[in-house]
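2 protein chains.
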Amino acid sequence: MPRIPPAPYQVATRGTSREINSRIVLNLVRAHQPISRADLARKMGVRRSAITLIVNDLLKRRAVFEGATGQTVRGRKPTFLYIDSRRRAVIAADIRASDTFLMLSDLLGKPLTGVVTFQTSPDPKQLVKTLAARIKALIAECPGIDACEGIGVVVPGMVEHSTMKILHAPTLGWRNVSLREPLAAATGLPVQVENSGRACALAQLWALRGDAPLPGDLVFVSVSDGVGVGVIIHGEVLRGRHNIAGEFGHVPLSLDGPRCACGANGCWEAYVSNRATLARYFGRAATAGPERASQRHFTVEDLIVRARAGDAKAIAAVETTGRYLGLGLASVINALDPSRVYIGGEITSAWDLIEGSVRSALSERALTSAAARTEIRPVAASEYPRLQGAAALVAAPAFAASIVA
Amino acid sequence: MPRIPPAPYQVATRGTSREINSRIVLNLVRAHQPISRADLARKMGVRRSAITLIVNDLLKRRAVFEGATGQTVRGRKPTFLYIDSRRRAVIAADIRASDTFLMLSDLLGKPLTGVVTFQTSPDPKQLVKTLAARIKALIAECPGIDACEGIGVVVPGMVEHSTMKILHAPTLGWRNVSLREPLAAATGLPVQVENSGRACALAQLWALRGDAPLPGDLVFVSVSDGVGVGVIIHGEVLRGRHNIAGEFGHVPLSLDGPRCACGANGCWEAYVSNRATLARYFGRAATAGPERASQRHFTVEDLIVRARAGDAKAIAAVETTGRYLGLGLASVINALDPSRVYIGGEITSAWDLIEGSVRSALSERALTSAAARTEIRPVAASEYPRLQGAAALVAAPAFAASIVA
DNA sequence: ATAATTTGTTTTTTATTACGACAAATATTG
DNA sequence: CAATATTTGTCGTAATAAAAAACAAATTAT
Chain U
1 MPRIPPAPYQ VATRGTSREI NSRIVLNLVR AHQPISRADL ARKMGVRRSA
51 ITLIVNDLLK RRAVFEGATG QTVRGRKPTF LYIDSRRRAV IAADIRASDT
101 FLMLSDLLGK PLTGVVTFQT SPDPKQLVKT LAARIKALIA ECPGIDACEG
151 IGVVVPGMVE HSTMKILHAP TLGWRNVSLR EPLAAATGLP VQVENSGRAC
201 ALAQLWALRG DAPLPGDLVF VSVSDGVGVG VIIHGEVLRG RHNIAGEFGH
251 VPLSLDGPRC ACGANGCWEA YVSNRATLAR YFGRAATAGP ERASQRHFTV
301 EDLIVRARAG DAKAIAAVET TGRYLGLGLA SVINALDPSR VYIGGEITSA
351 WDLIEGSVRS ALSERALTSA AARTEIRPVA ASEYPRLQGA AALVAAPAFA
401 ASIVA
Chain X
1001 MPRIPPAPYQ VATRGTSREI NSRIVLNLVR AHQPISRADL ARKMGVRRSA
1051 ITLIVNDLLK RRAVFEGATG QTVRGRKPTF LYIDSRRRAV IAADIRASDT
1101 FLMLSDLLGK PLTGVVTFQT SPDPKQLVKT LAARIKALIA ECPGIDACEG
1151 IGVVVPGMVE HSTMKILHAP TLGWRNVSLR EPLAAATGLP VQVENSGRAC
1201 ALAQLWALRG DAPLPGDLVF VSVSDGVGVG VIIHGEVLRG RHNIAGEFGH
1251 VPLSLDGPRC ACGANGCWEA YVSNRATLAR YFGRAATAGP ERASQRHFTV
1301 EDLIVRARAG DAKAIAAVET TGRYLGLGLA SVINALDPSR VYIGGEITSA
1351 WDLIEGSVRS ALSERALTSA AARTEIRPVA ASEYPRLQGA AALVAAPAFA
1401 ASIVA
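In the order they appear, the protein sequences are chains U and X. Just so it is clear: in the first sequence, position 96 is 96 by the working numbering, and no numbers are missing. Just so it is clear: in the second sequence, position 207 is 1207 by the working numbering, and no numbers are missing.
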């Protein structure tokens, strides 16, 4: 595995080993909790004494806490360790063209409240005002919380990583909008903003628990108004130079295909977005530009209902989207050869209707039969993948490994 | 930078810090040689004493050696350190459809001999026999060498990483061919086999010297009979689950475009491969299947000569290839947002003729203007990028960092 | 010649892993 | 019910390596 250390190398100091092992312990607790010190020692192949020291440190830093005692066949019972996520909460916000979704979750992404929904104001200032008020109400209504670690916001658009400014969000009609500073000022909490596809990918990586046999590289494809793709390579979110890596939505299927919101023709997005699916059903061209509540008369969910009711045109429209979904997935899979592809968006509720079309289209263009068999996991809307992603934006860094060489 | 440690975590042991720092020293010497101990200490921000211990160990292991003394304004003169590449050589082999190229290089990729060329036998057994004989002759003719570290072989096709078996090389007409074992048996040297695009990418990463401000993610696009793409993400070669990541050559430009050797239609490769360029000039469909010496009458190099001589049809053919090159690069750049793209292949000798077409096509489909300005570096055939890649296959692991967390 | 400066080594201190021993807790067994 | 076996978690000591500082060697400026 030739891996040339990147230029800003990190010299190992006296504390580096401890830091590495401490982080491994923290992540093992996260992935396997509840778990005892002795189990950690066995898993890591170190002495129990080493674990004791590390765990004592984590206990002092309140990163983990001791809970119930477990069961053994015989011998002293172990004391279980847990990530201390009891009183530390995270605000997750999902801003979309029509609605904004809000949730309070614990440090591991477990929802602490229901999901609050309200209409998205196209004016960023107004939206921040509404958001701040709703967030305060949400925190107030949850009494057990004594610390909120921050706010994670996901948006359907390009975000500059260093400043977290929203460079361009076509469906919202935003350009160069900064939510971070005003929202942080209004709530007094740190704010993280990220593209929704990227955040979803992070959340899926983050959600991995237990002894899953190393997932490898992951891709999250989010299909809604547009197509957002988040990529995890080597256990890390792929950002690229300008934090726009993963824009497979604008890789062409056909150069002279339908016009896309991005200005080019024949992008994957122009074939599989919700608009494209609806346009296919209604036999008209997909509308571009910001979508407002006034256009929300008939959604993809409605279309799927009709398809399930036996509407032949609806079935055809959904299956055609499935076919193009598969053709585009072939590009993603040929390009990245990931271990697993997650699919999110409204269309996943019709997964049973389209899986066949997706798979057969994928087989047509996948370069090898093994690639064509790449695992595809639909993520239902009920799992709120985007809100999970927003939560992960705030929570994940606490567990992140520093790259030491 | 949330990075969740992948499952097979590596616990830090007592020696881990030393190992990390030792590898940093080795890579700093590689990137900055000649360099003194005191300079290393300053660069790394550690005491000179720490460097002394590490360097002594590297000296004992013969990884570095002490050379001339340098100059200072005043004070004791430093003794320079060098990677010990004097007597340790590497065999680089580049197997292509028509010809095979062979070279002996030192551990840093510097050629020690000229490039040997001979016709590629379509029969693997015969090829191994020829290769082994030529390699022995090459080593014999270079008297200063007392250790050959191994043989790096690059092929235009898919290679299984664990066994290094060639799964499919369309232009050679090979399926499930193993070169590693017979060649290792015939020469007594370890053999590494890899796809040429991937190896080229590794070589470019590898070639980075000095204080280059961290390159970020890199892509190498090799245009010849087919299109091979190698990707470096986070300082590491992107392999994917089946070691076929980077097959951008078969991402479509148009689903109903010309037939590709892979069986699908409209792949990027079908627009920009040398065959496609020649077919465009001769106004016929590109030929598929293995290419043999008998077909080598008129090459892309010949076409470029005609274009430079003013042949309007030749200019048009080359420029059209440039345009499609740019359109496909847009997909690569939108997908990965790399810091830099290297282009290899015969067509690069006409880079001055096609750069304009490439750039304008790229601008058409790149998602942002910053992405459209992504640095593109043609790599001339005279630099032998594929042979450099073959050499890197053997040499790079010696400097590779182990991922510790 | 002497002082100043820089390189490279040696010595001492401190932090952390490695190893073994041991106390505590608990089930099994005679 | 007491003795034994087993497992968990902690403690003390040795070994190793980084951190810090002192020192020797080499070289130029004064």
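For every residue, glycine included, the Cβ atom is placed at its ideal position computed from N, Cα and C. Since the model is a prediction, treat every value here as computed from it, not as a measurement.
Counting every other CB atom within 10 Å of its CB across the protein chains shown gives residue 101 of chain U a total of 16 or more, marking it as buried. For residue 224 of chain U, no beta strand (DSSP E) run applies, since DSSP gives it neither H nor E.
Rounded to the nearest whole angstrom, the CA to CA distance from residue 1037 of chain X to residue 1160 of chain X is 41 Å.
Where residue 1399 of chain X is concerned, there is no enclosing alpha helix (DSSP H), because DSSP gives it neither an H nor an E. In this structure, DSSP gives residue 82 of chain U an extended state, which the three-state scheme calls strand.
Look at residue 1039 of chain X: its C-beta is not under 8 Å from any C-beta on chain U. Around residue 1338 of chain X, the beta-carbon contacts reaching into chain U at under 7 Å are 240 and 241.
In this structure, residue 349 of chain U sits near residue 380 of chain U, with a CB-CB distance shorter than 8 Å.
Under DSSP, residue 1207 of chain X shares a beta bridge with no residue. Rounded to the nearest whole angstrom, the CA to CA distance from residue 1353 of chain X to residue 1315 of chain X is 8 Å. The region 1182-1196 of chain X makes no contact with the region 1072-1083 of chain X, as fewer than three CB pairs between them are under 8 Å. Positions of the alpha helix (DSSP H) runs, each at least 4 residues long and wholly inside the region 67-143 of chain U, are given as 124-140 in order along the chain. With respect to the 8 Å criterion, residue 217 of chain U and residue 1240 of chain X are classified as neighbours on the basis of their beta carbons. Counting along the chain, residue 1271 of chain X sits inside the alpha helix (DSSP H) bounded by residues 1269-1272. Less than 8 Å divides the Cβ of residue 1272 of chain X from the Cβ of residue 1321 of chain X.
Taking C-beta atoms as the reference points, residue 365 of chain U and residue 330 of chain U count as a pair closer than 8 Å. For residue 251 of chain U, there is no enclosing alpha helix (DSSP H), since its DSSP letter is neither H nor E. 1158: these are the residues of the region 1133-1158 of chain X whose beta carbon lies less than 9 Å from some beta carbon of chain U, given in chain order. Counting C-beta pairs closer than 8 Å gives three or more between the region 1385-1394 of chain X and the region 1191-1202 of chain X, which meets the contact rule.
Excluding residues up to 5 positions away in sequence, 67, 68, 70, 80, 81 and 82 lie with their Cβ nearer than 8 Å to the Cβ of residue 34 of chain U in the same chain. Assigned with DSSP and collapsed to three states, residue 1044 of chain X falls in helix. In the three-state reduction of the DSSP assignment, residue 1384 of chain X falls in the coil class, being assigned neither a helical nor a strand state. For residue 1200 of chain X, the three-state secondary structure derived from DSSP is helix. In this structure, the alpha-carbon of residue 1154 of chain X lies about 29 Å from that of residue 219 of chain U. Annotation for residue 32 of chain U: the continuous alpha helix (DSSP H) segment containing it runs 16-32. Spanning the alpha carbons of residue 142 of chain U and residue 1396 of chain X requires a straight line of approximately 55 Å.
The Cβ of residue 1252 of chain X sits closer than 8 Å to at least one Cβ of chain U.
A residue is called buried when at least 16 other Cβ atoms come within 10 angstroms of its Cβ; residue 84 of chain U meets this threshold and is buried.
With a 10 Å radius around the Cβ and a threshold of 16 neighbouring Cβ atoms, residue 120 of chain U comes out buried. For residue 1318 of chain X, DSSP records no beta bridge to any residue. Looking at X/1062, X/1025, X/1302 and X/1030, the one whose alpha-carbon comes closest to that of residue 1052 of chain X is X/1025. Contact check for residue 1094 of chain X against residue 1386 of chain X passes: the beta carbons are separated by less than 8 Å.
Of the other Cβ atoms in all chains shown, fewer than 16 fall within 10 Å of the Cβ of residue 382 of chain U; this residue is therefore exposed. Looking at the backbone, the Cα of residue 138 of chain U and that of residue 297 of chain U are separated by about 30 Å.
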